[in-house]
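Listed in order, the protein sequences are those of chains A and B. The numbers in the working numbering rise by one with no breaks, and the one at position 74 of the first sequence is 181. The numbers in the working numbering rise by one with no breaks, and the one at position 458 of the second sequence is 492. Don't be surprised by glycine CBs; every beta carbon is placed ideally from N, CA and C. Step one of this worksheet: look at the structure below.
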Amino acid sequence: MHLRIGHLYPEHLNLYGDRGNVIALAKRAEWRSIGVMVESIGLNEEVDLSQYDLLFIGGGQDRDQTLIAKDLKLVKGNSLLDAADGGVPLLAVCGGYQLLGKYYRLSTGEEVEGLGLLDISTEAGAKRLIGNIVLETELTGEKQTVVGFENHSGRTFLGSEVKPLGKVLSGSGNNGEDGFEGSVQGNIIGTYIHGSLLPKNPKITDWLLTRALERKFGQVQLQELNDNLEESAHQVMVKRSLS
Amino acid sequence: MRFIAVLIGKALIFLVRLTGRGGSNWPGKVVRKLFPGILPYLSLKVEKNILVTGTNGKTTTNKAIYSMLTQAGFNAMYNNTGANLITGITTAYVEKYGQKNEFATLEVDEANMVMAVREIQPQVVLVTNFFRDQLDRYGELGKTVQLVKEGLSLLPEGSTIVLNADDPLTAQLGMQEIDKLRVVFYGLQSNVLRNTAFADVSDARHCLQCGESYVYEKNFYAHLGHYHCSCGFRRPEPTVFVSRLEDRGSSGFLAEITSPQGIFTVDIPLPGVYNLYNLLAAIAVALTVDVPLAGIKEAVRGTGAAFGRMERLLLGTQDGITKETLISLVKNPAGFNAVMETLLEEIVEDQLLIVVNDLDADGRDISWFWDVDFETLAQKASNEIVVSGLRAQDMAVRLKYAGIPEERLVVVPEIEKALDISLEKAKSRLYILPSYTAMLKLQDVLRKRGQVQGYWKTEKKRMRSA
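Written out as structure tokens, the structure reads:
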């Protein structure tokens, strides 16, 4: 078995250690003897994204994000829409999450059009929402916590076609108002959570890997791994945030 | 009123010292409340004020400038507790009031630059570099650069800004229209060092002017080097630069400096390319304010590490067996990579202890662990690694995913216990890489134990905790 992982714009969207997500996906596949190839996909590169088995896009600084918005629209837009239609699992964090939505309204009132892959829209907020965050999610079918760190000024609001990734137990989440964080639509997960997200939340990593393998090879059962270390790092933050 | 405010401030500082408690910020805070114009008043009493800002190397560089000044016979003051917020800086001036100083040299937190420049109106500002650091405090790197830029725009006419030519983010500060200021660039000549072996997830690999990736003819470390962009932006030619270099490993460097004041050689007793930059920056500032070469050379030779910056100590285990211990602060990916690059060959030979907290002063977001090139360490290391601190488990996860087998990771969150376990495990040398508050905690433990038996290599007095 073999997976091809595409890391979108790693040169530009690399602000908060989000590459840990790609490292986690690759390692947890390798530990199960699933071959992995990680490819960087940069600005202005025209590629067929539906040829990938898993895609990741992170967050960046404002300046870089404007560059990426343009590239997504003019260069990779159709290809990414095709990939999503074909069910390629995609994880988008922070800036990447916002870019997949319908639009981002700047503080000046100007609207930057997004890709519209996720039924969400984002508005600039006055105060940055910064801190540790804990969610409760049912992504994998059973209730579990998600831990990480959020740092965003955008306020994201969900439309009717997406479900939130989870309920906020501690922290701010999508917009600091409705008590939810992230979005799930088909095989796409969008979230504000850094940390990186995946290493300390191996269940989400495995959910993404499972979606990717199923799409390629049909029904699969992932081999269990020893997650004691990940679990203890996870629990430290659950305890600290909820006590 | 001013005089009373200073007296109250001095009394508060005395009380703080008396109780042995840390905290050099709040006397300044109280005095500023009582008399908001106190800092402009006090700094005016000093003939020349120098500010040192940037992400990495402020403390070491500022201390080096201070020793160059005093070595040359000037009366000078500096904020020696590393308290670099406007309140701590105020405390420093209050404390030194009455001393008739010719120079004050102060490290300033980037976010406090606007206030510091406005109130102190310095003659010289040094900007060392910009790296990703404590994003949860400043939002993002671009914002930090912006804050410093704003500070520089408030400088009085005729001031000098001293900038690192090899860091594009810093260099660009001196390349716009600033005709009322003098700009001095410093850097390393291309052939003095090889390219870095450490992968950089960079902060600044893209041109601020046009967004294209820089082309590096030479990459010394992180995003520092000789770079240019297709839009025409390129590294400015420095006037103070290292023109020849002998790398003496963990003993430091012998560097030939070329400057308008002449070509001279300095003996730098600190290892690491970043320390080379720190000393070079200090030399560029000293030359700017006409410190004689003899004073500069003497001061460089006597440079000691600031506490926890490549500091070497002799520590005993509980059975009284002495182990050489090296402590080096790590606070962001570029700094972490640089320390590992300098020490890699040594670290993999003996015991490594990494201690990471996530308190405010460390930065609460630990996502940056994932931007450190631990993969290079994992390829070489074969020993156990001890991890400690509030985020010990997170560091263990990071190292596991870098390729270090779980059975070689020893997780001991409690810092004092981790220190003892690591000392036991060390064959003859222990390398401790702590985050900021973890470093203070270690310092505390060592002081309480009175366990410091002596120093090797560098001689210096340990600083009080900030």
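Quiz item: If you measure from the beta carbon of Pro70(B) to each beta carbon in chain A, is any gap under 9 angstroms?
Solution: Stepping through the second sequence from its first residue, residue 70(B) is reached at position 36. It does not: the Cβ of Pro70(B) has no partner Cβ on chain A nearer than 9 angstroms.
Quiz prompt | Three-state secondary structure assigned by DSSP to Tyr116(A) | solution = Numbered from its first residue, the first sequence carries residue 116(A) at position 9. Coil at Tyr116(A), not helix or strand.
Practice problem: Determine, using beta carbons only, whether Glu251(B) and His240(B) come nearer to each other than 9 angstroms. | Solution: Along the second sequence, one-based indexing puts residue 251(B) at 217. Along the second sequence, one-based indexing puts residue 240(B) at 206. Taking 9 angstroms as the Cβ cut-off, Glu251(B) and His240(B) do not qualify as a contacting pair.
Self-check item: CA-to-CA distance, Phe287(B) to Val217(B), given in whole angstroms
Solution: Reading the second sequence from its first residue, position 183 is the one you call residue 217(B). Reading the second sequence from its first residue, position 253 is the one you call residue 287(B). Our two residues, Val217(B) and Phe287(B), have alpha carbons roughly 27 angstroms apart in a direct line.
Self-check item: Closer than 8 angstroms: Thr337(B) CB and nearest the ligand MN heavy atom
Solution: In the structure shown, the ligand MN is absent, as is every other ligand, since no ligand is present at all.
Practice problem: Check the Cβ of Asp18(B) against every Cβ in chain A and list those closer than 8 angstroms, keeping chain order. | Solution: Nothing can be reported for residue 18(B): it is not among the residues displayed for chain B, which extend from 35 to 500.
Exercise. For the segment 233 to 258 of chain A, list the beta strand (DSSP E) runs that are entirely contained and at least 3 residues long, ordered along the chain.
Key: Segments of the beta strand (DSSP E) lying fully in the segment 233 to 258 of chain A: there are none.
Practice problem: Would you list the residues sitting across from Phe48(B) in a DSSP beta bridge? | Solution: On the second sequence, residue 48(B) is found 14 positions in, with the first residue counted as 1. Answer is none; Phe48(B) lacks a bridge partner.
Quiz item: In chain A, which residues lie less than 9 angstroms from Asp428(B) when you measure between Cβ atoms?
Solution: As a position in the second sequence, residue 428(B) is number 394, starting the count at 1. Here the neighbours are Gly302, Pro306, Lys307, Ala340, Val343, Met344.
Quiz item: Would you report the Cα separation of Ala315(B) and Asn198(B), rounded to the nearest angstrom?
Solution: Here residue 315(B) refers to the residue found at position 281 of the second sequence. Here residue 198(B) refers to the residue found at position 164 of the second sequence. Separation of Ala315(B) and Asn198(B) (C-alpha to C-alpha, rounded to the nearest whole angstrom) is 7 angstroms.
Practice problem: Give the single residue among Asp160(A), Glu118(A), Glu152(A), Asp155(A) whose Cα lies nearest to the Cα of Ala136(A). | Solution: Against the first sequence, residue 136(A) aligns to sequence position 29. It is Asp160(A) whose Cα lies nearest to the Cα of Ala136(A).
Quiz item: In chain A, what lies closer than 9 angstroms to Lys434(B) by C-beta?
Solution: Residue 434(B) sits at position 400 when you count from the first residue of the second sequence. In chain order: Lys134, Pro306, Leu336, Glu337.
Quiz item: In chain order, what residues of the same chain have a beta carbon less than 7 angstroms from the beta carbon of Asn229(B), not counting five sequence neighbours either side?
Solution: The residue labelled residue 229(B) in the question sits at position 195 within the second sequence. Here Asn229(B) has Lys252, Asn253 as same chain residues with Cβ atoms under 7 angstroms from its own Cβ, once five neighbours each way along the sequence are excluded.
Practice problem: Return the residue from the list Phe403(B), Leu411(B), Phe408(B), Glu441(B) that minimises the CA-CA distance to Leu425(B). | Solution: Mapped onto the second sequence, residue 425(B) falls at position 391. A small fix is needed here, since residue 425(B) is Arg in this sequence, not Leu. For Arg425(B), the closest alpha carbon among the candidates Phe403(B), Leu411(B), Phe408(B), Glu441(B) is that of Phe403(B).
Exercise. Give every residue of the same chain whose Cβ lies closer than 7 angstroms to the Cβ of Lys92(B), excluding the five residues on either side of it in the sequence, and list them in chain order.
Key: Within the second sequence, numbered from 1, the residue matching residue 92(B) stands at position 58. Answer for Lys92(B): Val86, Asn118, Glu141, Thr162, listed in chain order.
Exercise. Determine the direct distance from the alpha carbon of Leu213(A) to that of Ala231(A), and round the result to whole angstroms.
Key: By one-based count along the first sequence, residue 231(A) stands at place 124. By one-based count along the first sequence, residue 213(A) stands at place 106. A straight-line Cα-Cα distance of about 5 angstroms links Ala231(A) and Leu213(A).
Practice problem: Look at Ser147(A) and Ala190(A) and say whether their C-beta atoms are less than 9 angstroms apart. | Solution: In the first sequence, counting from the first residue as 1, residue 147(A) sits at position 40. In the first sequence, counting from the first residue as 1, residue 190(A) sits at position 83. The beta carbons of Ser147(A) and Ala190(A) sit no closer together than 9 angstroms.
Quiz item: Curious, which full-length alpha helix (DSSP H) runs of at least 4 residues does the segment 171 to 199 of chain A contain?
Solution: Counting only runs that start and end inside the segment 171 to 199 of chain A, the alpha helix (DSSP H) elements of at least 4 residues fall at 184 to 192.
Practice problem: Say whether the segment 394 to 410 of chain B touches the segment 419 to 433 of chain B, bearing in mind that this needs 3 or more beta-carbon pairs closer than 8 angstroms, one atom from each stretch. | Solution: Judged by pairs of C-beta atoms under 8 angstroms, the segment 394 to 410 of chain B touches the segment 419 to 433 of chain B, as three or more such pairs exist.
Practice problem: Could you tell me whether the Cβ of Leu411(B) comes closer than 9 angstroms to any Cβ of chain A? | Solution: Start at 1 with the first residue of the second sequence, and residue 411(B) comes out as number 377. Chain A contact via Cβ: absent.
Exercise. On a CA-only basis, which of Ser339(A), Leu320(A), His341(A) is nearest Gly142(A)? Give me that one, please.
Key: Start at 1 with the first residue of the first sequence, and residue 142(A) comes out as number 35. Among Ser339(A), Leu320(A), His341(A), the Cα nearest to that of Gly142(A) is on Leu320(A).
Quiz item: Considering only C-alpha positions, which residue in the set Val64(B), Thr89(B), Ser77(B), Gly107(B) is nearest to Thr139(B)?
Solution: Your numbering for residue 139(B) matches position 105 in the second sequence. With respect to the C-alpha of Thr139(B), the residue from Val64(B), Thr89(B), Ser77(B), Gly107(B) having the closest C-alpha is Ser77(B).
Quiz item: Is it true that the CB of Leu242(A) sits closer than 9 angstroms to the CB of Glu288(A)?
Solution: Here residue 288(A) corresponds to residue number 181 of the first sequence, with the count starting at 1. Here residue 242(A) corresponds to residue number 135 of the first sequence, with the count starting at 1. In this structure, Glu288(A) lies near Leu242(A), with their beta-carbon atoms less than 9 angstroms apart.
Self-check item: Length of the line joining the Cα atoms of Leu197(A) and Asn333(A)
Solution: Residue mapping note: residue 197(A) aligns to position 90 of the first sequence, counting from 1. Residue mapping note: residue 333(A) aligns to position 226 of the first sequence, counting from 1. Leu197(A) and Asn333(A): Cα-Cα distance of roughly 25 angstroms.
Self-check item: Residue burial classification, Leu49(B) (beta-carbon count within 10 angstroms, cutoff 16)
Solution: Position 15 of the second sequence, counting from 1, holds the residue named residue 49(B). By the neighbour-count rule (16 or more Cβ atoms within 10 Å), Leu49(B) is not buried but exposed.
Quiz item: Run through DSSP, which three-state label would Arg66(B) get?
Solution: Here residue 66(B) corresponds to residue number 32 of the second sequence, with the count starting at 1. Look at Arg66(B) here: in three-state DSSP terms it is helix.
Quiz item: Expressed to the nearest angstrom, what Euclidean distance is found between the alpha-carbon atoms of Glu450(B) and Val479(B)?
Solution: Locating residue 450(B) in the second sequence gives position 416, counting from the first residue. Locating residue 479(B) in the second sequence gives position 445, counting from the first residue. Rounded to the nearest whole angstrom, the C-alpha separation of Glu450(B) and Val479(B) is 7 angstroms.
Self-check item: Option nearest Leu103(B) by Cα separation, candidates Gly192(B), Gly369(B), Lys475(B), Asp324(B)
Solution: By one-based count along the second sequence, residue 103(B) stands at place 69. Nearest to Leu103(B) by C-alpha distance, out of Gly192(B), Gly369(B), Lys475(B), Asp324(B), is Asp324(B).
Quiz item: Taking Cβ positions only, does Arg170(A) come closer than 9 angstroms to chain B?
Solution: Position 63 of the first sequence holds residue 170(A). Taking Cβ atoms only, chain B reaches closer than 9 angstroms to Arg170(A), which makes this a yes.
Self-check item: Span of the alpha helix (DSSP H), counted from its first residue to its last, around Glu137(A)
Solution: Working through the first sequence from its first residue, we reach residue 137(A) at position 30. Per DSSP, the unbroken alpha helix (DSSP H) holding Glu137(A) starts and ends at 126 to 137.
Quiz item: For the beta strand (DSSP E) that His260(B) lies in, which residues bound it at each end?
Solution: Position 226 of the second sequence, counted from the start, is the residue given in the question as residue 260(B). Note, His260(B): beta strand (DSSP E), 258 to 262.
Practice problem: Provide the residue(s) that pair with His301(A) in DSSP beta bridges, ordered along the chain. | Solution: Within the first sequence, numbered from 1, the residue matching residue 301(A) stands at position 194. Answer is Phe256(A).
Self-check item: C-beta neighbour in chain B for Asn239(A), strict 9 angstroms
Solution: Locating residue 239(A) in the first sequence gives position 132, where the first residue counts as 1. Contacts with chain B at 9 angstroms (Cβ-Cβ) include Asn239(A).
Quiz prompt | chain A within 9 angstroms of Leu467(B), Cβ atoms only | solution = Start at 1 with the first residue of the second sequence, and residue 467(B) comes out as number 433. Cβ-Cβ to chain A under 9 angstroms: no for Leu467(B).
Quiz prompt | Nearest-angstrom Cα separation, counted from Lys177(A) out to Ile330(B) | solution = To locate residue 330(B), count along the second sequence from 1; it is residue 296. To locate residue 177(A), count along the first sequence from 1; it is residue 70. C-alpha of Ile330(B) to C-alpha of Lys177(A): approximately 51 angstroms in a straight line.
Quiz item: Excluding the five sequence neighbours on either side, which residues of its own chain have a C-beta within less than 8 angstroms of the C-beta of Glu118(A), listed in chain order?
Solution: What you label residue 118(A) is simply residue 11 of the first sequence in a count that begins at 1. Closer than 8 angstroms at the Cβ level, and outside the excluded window around Glu118(A), lie Ser147, Gly149, Leu150.
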